[in-house]
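Using my numbering, the first residue of the sequence shown is number 33, and each one after it goes up by one. All residues carry an ideal CB built from backbone N, CA and C; glycine is no exception. For clarity, every value in this text was computed on a predicted model and none was experimentally measured. All remarks here apply to the structure that follows.
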Amino acid sequence: MKRKIELITTSDGSHSLYLPDMNETYHSSHGALTESQHIFIEAGLQSYLNEHPRKPLKILEIGFGTGLNALLTLRYALEHQVSIHFVSLEPFPLQEDVYGVLNYASLFTDEHANAQFLALHEAEWETEVSISDFFVLQKKEQRLEDFSDDTDFDLIFFDAFAPSKQEELWTYEILEKTVGLMGSSAVLVTYCARGQFKRDLAALGLRVETLPGPPGKKEMVRAVKL
Ligand SMILES: C[S@@+](CC[C@H](N)C(=O)[O-])C[C@H]1O[C@@H](n2cnc3c(N)ncnc32)[C@H](O)[C@@H]1O
Numbered sequence: 033m034k035r036k037i038e039l040i041t042t043s044d045g046s047h048s049l050y051l052p053d054m055n056e057t058y059h060s061s062h063g064a065l066t067e068s069q070h071i072f073i074e075a076g077l078q079s080y081l082n083e084h085p086r087k088p089l090k091i092l093e094i095g096f097g098t099g100l101n102a103l104l105t106l107r108y109a110l111e112h113q114v115s116i117h118f119v120s121l122e123p124f125p126l127q128e129d130v131y132g133v134l135n136y137a138s139l140f141t142d143e144h145a146n147a148q149f150l151a152l153h154e155a156e157w158e159t160e161v162s163i164s165d166f167f168v169l170q171k172k173e174q175r176l177e178d179f180s181d182d183t184d185f186d187l188i189f190f191d192a193f194a195p196s197k198q199e200e201l202w203t204y205e206i207l208e209k210t211v212g213l214m215g216s217s218a219v220l221v222t223y224c225a226r227g228q229f230k231r232d233l234a235a236l237g238l239r240v241e242t243l244p245g246p247p248g249k250k251e252m253v254r255a256v257k258l
């Protein structure tokens, strides 16, 4: 059965999606683009590269969704000429009638953004697809619970739905599995700053940093595997 999905416009003018049956959005209503840029690009990718300059990166994203994090990461890779292998899990891929109306490409002034956004969505699932010289994408139609891989990822974009809506993805067991996918010095970033979540990450041996969140969100988490 097709899920009911509504298009919404967030405070910075960027679109997001709302699932009425779950009463949950894909991004913060205070700005989807601003949130993605703040958490995943600045606190995640940029901060990691500050400590490990020019290193080819392996990133695992939990929830490909609208492809917004992937688009910002691809554009970062091109701008900074850093090689990124981006694996993204998504058990509920969006169809063209939904991703085709998202306005992300129009938020950039250059003429490449639309082609980049479509390339990410149209890329074949399961296989590694070279989107550019600097960016290889592998989308997997899979739940985190069922995912296994020998890769030591450098960065985890943990962008599942909120714990109040999708509790099963924030359990100690799932976090333990996720930490097992991280190499040494790898970093996990997420918008969630719940106490139990932070205690679980610390118990799994990560150094947990609570950072200022994007607009509308006091805090976010960056956790480093020691
Ligand atoms: C908060 S949205 C964020 C999506 C995306 N990062 C974006 O910017 O649009 C959460 C995403 O996780 C996906 N998801 C749901 N259950 C999942 C699971 N068990 N494993 C991995 N992803 C899941 C949802 O379908 C949705 O696309």
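Identify whether residue i lies in helix, strand or coil by the three-state DSSP scheme.
i: residue 187; result: strand
i: residue 243; result: strand
i: residue 205; result: helix
i: residue 254; result: strand
i: residue 225; result: coil
i: residue 218; result: strand
i: residue 171; result: strand
i: residue 233; result: helix
i: residue 176; result: helix
i: residue 238; result: strand
i: residue 248; result: coil
i: residue 81; result: helix
According to the neighbour-count rule (16 or more other Cβ atoms, all chains shown, within 10 Å of its Cβ), is residue i buried or exposed?
i: residue 6; result: The question about residue 6 has no answer here: the residues shown for the chain are numbered 33 through 258.
i: residue 104; result: buried
i: residue 133; result: exposed
i: residue 254; result: buried
i: residue 53; result: exposed
i: residue 235; result: exposed
i: residue 93; result: buried
i: residue 121; result: buried
i: residue 48; result: buried
i: residue 100; result: buried
i: residue 102; result: buried
i: residue 182; result: exposed
i: residue 232; result: buried
i: residue 147; result: exposed
i: residue 213; result: buried
i: residue 84; result: exposed
i: residue 239; result: exposed
i: residue 215; result: exposed
i: residue 197; result: exposed
Looking only at C-alpha atoms, which of the options sits nearest to residue i?
i: residue 45; options: 83, 225, 63; result: 63
i: residue 188; options: 218, 123, 41; result: 218
i: residue 60; options: 106, 245, 256; result: 245
i: residue 75; options: 221, 233, 232, 256; result: 221
i: residue 226; options: 211, 204, 214, 216; result: 204
i: residue 126; options: 232, 77, 38, 55; result: 38
i: residue 190; options: 77, 81, 116; result: 77
i: residue 170; options: 199, 97, 118; result: 118
i: residue 206; options: 224, 230, 228, 177; result: 177
Can a CB atom of chain D be found closer than 8 angstroms to the CB of residue i?
i: residue 69; result: Looking for chain D here will not work: only one protein chain is present.
Next item on the list: Could you name each continuous beta strand (DSSP E) segment of 3 residues or more that falls completely within the segment 84 to 164, going from the start of the chain to the end?
Entry: 89 to 94, 116 to 121, 161 to 164
Check: Which whole runs of the alpha helix (DSSP H) in the segment 35 to 78 are 4 residues long or more, in chain order?
Finding: 64 to 68
Notebook entry, point to check: Okay, do the segment 237 to 249 and the segment 52 to 71 touch, 3+ Cβ pairs below 8 angstroms being the bar?
Noted result: yes
Notebook entry, point to check: How about the segment 78 to 91 and the segment 167 to 186: do they share at least three Cβ pairs that are nearer than 8 angstroms?
Noted result: yes
Check: Can you find at least 3 beta carbon pairs, one from the segment 36 to 45 and one from the segment 147 to 159, that sit closer than 8 angstroms?
Finding: no
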